[in-house]
Structures are given as C-alpha cells and as structure tokens.
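Participant: Before anything else, here's the structure in question.
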Amino acid sequence: MTHRTPTLAQFITEKEHALAVATGEFASLMSAIALSTKLISREVNKAGLVDILGLTGDRNIQGEQVQKLDLFANDTLVHTLARSGAVCIMGSEEVADFIPVAPPHTCGRYVVVFDPLDGSSNIDVGAPIGTIFAIYRRRSSDGPGQATDLLRPGREQVAAGYVIYGSSTIFVYSTGEGVHAFTLDPSLGEFLLTDEGLRIPEQARIYSINDANAPWWPPAVSHWVDGMRHGAGKGRYTARYIGSLVADFHRNLLRGGVFAYPADTRDPALPNGKLRLLYEAAPLAFLARGAGGHASDGYRDILDIVPDSLHQRTALFIGNREEVEAAVACYGQETGRGSSGGS
Numbered sequence: 082m083t084h085r086t087p088t089l090a091q092f093i094t095e096k097e098h099a100l101a102v103a104t105g106e107f108a109s110l111m112s113a114i115a116l117s118t119k120l121i122s123r124e125v126n127k128a129g130l131v132d133i134l135g136l137t138g139d140r141n142i143q144g145e146q147v148q149k150l151d152l153f154a155n156d157t158l159v160h161t162l163a164r165s166g167a168v169c170i171m172g173s174e175e176v177a178d179f180i181p182v183a184p185p186h187t188c189g190r191y192v193v194v195f196d197p198l199d200g201s202s203n204i205d206v207g208a209p210i211g212t213i214f215a216i217y218r219r220r221s222s223d224g225p226g227q228a229t230d231l232l233r234p235g236r237e238q239v240a241a242g243y244v245i246y247g248s249s250t251i252f253v254y255s256t257g258e259g260v261h262a263f264t265l266d267p268s269l270g271e272f273l274l275t276d277e278g279l280r281i282p283e284q285a286r287i288y289s290i291n292d293a294n295a296p297w298w299p300p301a302v303s304h305w306v307d308g309m310r311h312g313a314g315k316g317r318y319t320a321r322y323i324g325s326l327v328a329d330f331h332r333n334l335l336r337g338g339v340f341a342y343p344a345d346t347r348d349p350a351l352p353n354g355k356l357r358l359l360y361e362a363a364p365l366a367f368l369a370r371g372a373g374g375h376a377s378d379g380y381r382d383i384l385d386i387v388p389d390s391l392h393q394r395t396a397l398f399i400g401n402r403e404e405v406e407a408a409v410a411c412y413g414q415e416t417g418r419g420s421s422g423g424s
C-alpha cells in the first residue's frame, strides 16, 4: 500500500467529476454511509469488551429478535444520513415504515434503503457480518420523500454496496460501472482502494445454501443442487455456507460461486422465501450484474421485480451467471415457465 492509493472519498469524487451532472451530492451521501460504517465497525470490533452483545428484548418488523448492535447500526445510519443533506427518505430492515427526512434536516435528491447489520445472529460467535445498502434518485419533486420514491425495481438503482465486518472491514460498491472494494486502514481511519473492477470468476466451484432445509425444497432446487454435488459433467462443487448473506456473497464474488436461498415449504408464513427484496436481494443483484454475474428468484431477474411493500421477501439465486441460469432452467423444466433471461 502506497501513499498514492486513493481513499474511498477521493475515488468517488474523481468518478463523479467525470459525469456531466456532477453536483457533489452523491459524494456527500457516500461519505455519510462510509462514516456510519466506520462507527459500526468500531463497535463490532469491541463488542465482546463492552455491554453491546446480546439481545435488546424487542422484536423488529420481521418478527426477529433485535440485537443491541442491530439497534446501534440502524440508529447510526438513520441519523448520519438524515444530516447529510443528500437524502429525502430511507427504508430500514429494523423499522416498520418508511423514514422521511424532515426539518430541520435538508431533503436531498437521493433515496437510501439498507439492512443495517446483515447476519446479526452471528454477532455473538464472531462470524463476519455486514451492512447492505441501495441508492436511488428520488421521483418526487421536493420536500420529504414519498413511498413511490422507494418502491422501485432494482434496475433503477444508481448505486449499491455493502460493508463486511470481519478480519478486516471492506467497503464494496458499484454505480453500474464496475465493482470496487476498499479496505479500512484503522491507523488512518480511511477506506483505501484494494480492488478495482472486480469480476466474478467464470469457473464457479462453490455453492452456498442451507442444506438443512433440503426436505422442504421444491424438486427444481433439489435437482440443481444434486448437479453441483455430483458434478454433472463439470466437476464437483464445494459447499461453503456461513449463514450471513453478505459474507457468503463476498466470498463467492472473489472466489467464484453461487448463493441460494430458495422459497420452500418449511414455514407457511414465508411462501416467497426469507430474504428481503429491496435492501438485501436487489443491492446484491446490482453488484452481481456489475461483476459479470446474475441474480434471479428462479423465474425473474431480481432487478426487474417491482416491490409492493418495503419488507417484501423473495427467493434468491445469485452469483456466477452460468449456475444461476442453470437454477432458472431447472425451475422452467419443472413448471413449464420460461427463463428469467439475462440482465
């Protein structure tokens, strides 16, 4: 690492200046997200030393028990983004309704949705966790944002990214022109560019899925997974599953692989799968596309699905394009429905 390595802020500013419509507002927004994640990273790293591990005793809108770090991460993002002057409305996994930005804060031109702390059930055991976010331009003209600013297909994102908190803190983002990774240097307090233009390796050899749910999978998923387990003429795959979406996705982005959380019959309350479309599946689908990959719910491109609610759930197959399309083909053979196609 040399002194010429650009920081996240420098990199974003340079890229924004290349755009004819650059105003600096996007750079301000990304700086606010970066600041929030530095604060979250600090708390994650000392979680075992202070009273921030464990449950609050409350449940969020998803019916999940709220971890203390979940609450800290959510509040940090909401307050920092509201003060940025770049955001008009937000949506969070931890909050039941939309979060409009109102006076005394200035409303900006952007909309942000986020999962403050993905994989938070892993907090107490020290496994990697992360923050996932998506950014849209507002549709409404001025003032506080509206629901129509938020309920948008993923293809309309102007940027998406995640931050993974593990052995190091890594900030990954894309504006549709490449996927870039920055690693936090704790001595400088800055994210420094470590990978520019990431691409998912074409030769996928990892599949990530919770095999414990196999008895409830539809036949299409069982057929697809069996093909990877037993080779199907391409060589056997290796199973790797952390149980943190952002951590599994990050590994597969770097090593080549596919992550799946299909809809199944295990829980009648979740007929469409467990993961949330707006702030989990769609942002990662945007990144996958930018890295040469693909994402589908088994029938449709994730980026084409128009959400009808903030917390809408979806099945997800994401990563190496060939393997995602193989999953879609299995669904097509089972139901007679067509492929979701490429993005």
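Residue numbering for the sequence shown follows my numbering, starting at 82 and increasing by one per position.
Positions of the beta carbon are idealized from the N, C-alpha and C atoms, including for glycine.
Could you give the distance in angstroms between the alpha-carbon of N141 and the alpha-carbon of D151?
Facilitator: Residue placement at N141 cannot be trusted, given a pLDDT of 49 that sits under 50; the coordinates are not used to answer.
Participant: Given that a residue counts as buried once 16 or more other Cβ atoms are within 10 Å of its Cβ, and exposed if not, what is L136?
Facilitator: Interpretation of L136 is limited by its pLDDT of 48, a score under 50 that renders its predicted location unreliable; no figure is taken from the coordinates.
Participant: What residue range is occupied by the uninterrupted alpha helix (DSSP H) comprising P300?
Facilitator: Taken as a continuous stretch (DSSP letters only), the alpha helix (DSSP H) holding P300 covers 300-311.
Participant: Assuming V244 and I251 make a contact with CB atoms under 8 Å, what is their CB distance in whole Å?
Facilitator: Confirmed, about 7 Å.
Participant: Less than 7 Å between the beta carbons of P388 and L359, yes or no?
Facilitator: Contact flag set, yes.
Participant: Under a Cβ-count criterion, where at least 16 other Cβ atoms within 10 Å of its own Cβ denotes burial, should L134 be classed as buried or exposed?
Facilitator: Below a pLDDT of 50, predicted positions are generally treated as unreliable, and L134, at 49, falls in that range; the measurement from the model is reported next regardless. L134 is exposed by the Cβ-count criterion.
Participant: Excluding the five sequence neighbours on either side, which residues of its own chain have a C-beta within less than 8 Å of the C-beta of G371, listed in chain order?
Facilitator: So the qualifying residues of the chain are S255, G257, E258, G259, V260.
Participant: Going by C-alpha to C-alpha distance, which of L158, T104, D385 sits closest to A113?
Facilitator: It is L158.
Participant: Roughly how far, in whole angstroms, is the beta-carbon of F398 from the beta-carbon of A341, given that I think they are within contact range, below 8 Å?
Facilitator: That pair is a contact at about 5 Å.
Participant: With respect to the alpha helix (DSSP H) encompassing E406, which residues constitute its N-terminal and C-terminal limits?
Facilitator: It spans 402-416 - the alpha helix (DSSP H) in which E406 sits, taken as one unbroken run.
Participant: Is V192 helix, strand or coil by DSSP?
Facilitator: Note: V192 maps to strand in three-state DSSP.
Participant: Tell me whether the beta-carbon of I386 lies closer than 7 Å to the beta-carbon of A376.
Facilitator: Cβ distance not < 7 Å, so I386 and A376 don't count as in contact.
Participant: Tell me whether the beta-carbon of G379 lies closer than 7 Å to the beta-carbon of N401.
Facilitator: No.
Participant: What separation, rounded to the nearest whole angstrom, lies between the Cα atoms of V125 and Y246?
Facilitator: Taking the straight line joining both Cα atoms gives about 7 Å.
Participant: Between which two residues does the alpha helix (DSSP H) holding E106 run?
Facilitator: Unbroken alpha helix (DSSP H) run through E106: 106-126.
Participant: Note down the Cα distance separating L116 from W297, rounded to an integer number of angstroms.
Facilitator: About 42 Å.
Participant: Which same chain residues, not among the five before or five after S221, have their C-beta less than 6 Å away from its C-beta?
Facilitator: For S221, where only same-chain residues beyond five positions count, the Cβ hits under 6 Å are Q227, D230.
Participant: Nearest-angstrom Cα distance between E283 and R332?
Facilitator: For E283 and R332, the distance between alpha carbons rounds to 14 Å.
Participant: Candidates A90, N203, T118: which alpha carbon is nearest G105's?
Facilitator: Among A90, N203, T118, the Cα nearest to that of G105 belongs to A90.
Participant: Rounded to whole angstroms, what's the CA-CA distance from R190 to L120? Just pull it up for me.
Facilitator: When rounded, the distance between both Cα atoms is 25 Å.
Participant: Please report the residue range of the alpha helix (DSSP H) in which G371 lies.
Facilitator: Here the alpha helix (DSSP H) through G371 covers 363-371.
Participant: What do you reckon, is the C-beta of A363 under 6 Å from a heavy atom of the ligand COA?
Facilitator: In the structure shown, the ligand COA is absent, as is every other ligand, since no ligand is present at all.
Participant: Give the DSSP bridge partners of P296, in chain order.
Facilitator: DSSP lists no partner for P296.
Participant: Contact defined as beta carbons within less than 8 Å: I believe V66 pairs with L162. What is the distance between those atoms, to the nearest angstrom?
Facilitator: Not covered by the structure: residue 66. The range shown for the chain is 82 to 424.
Participant: Look up E97 in the DSSP assignment and say whether it is helix, strand or coil.
Facilitator: E97 falls in the helix class under three-state DSSP.
Participant: What's the call for R347, buried or exposed, on a 16-neighbour Cβ count within 10 Å?
Facilitator: Answer is exposed; the Cβ neighbour count stays below 16.
Participant: Can the beta-carbon of G200 be found closer than 7 Å to that of I210?
Facilitator: Yes, they are a contact pair.
Participant: Assign Q148 to one of two classes, buried (16 or more other C-beta atoms within 10 Å of its C-beta) or exposed (fewer than that).
Facilitator: So Q148 ends up on the buried side.
Participant: With a cut-off of 8 Å on the beta carbons, I'd call L356 and L335 a contact; round off their distance for me.
Facilitator: About 21 Å separates the two Cβ atoms, so there is no contact after all.
Participant: Run through the DSSP bridge pairs and tell me what L200 is partnered with.
Facilitator: The residue asked about is misnamed: residue 200 is Gly in this sequence, not Leu. In DSSP, G200 forms no bridge with anything.
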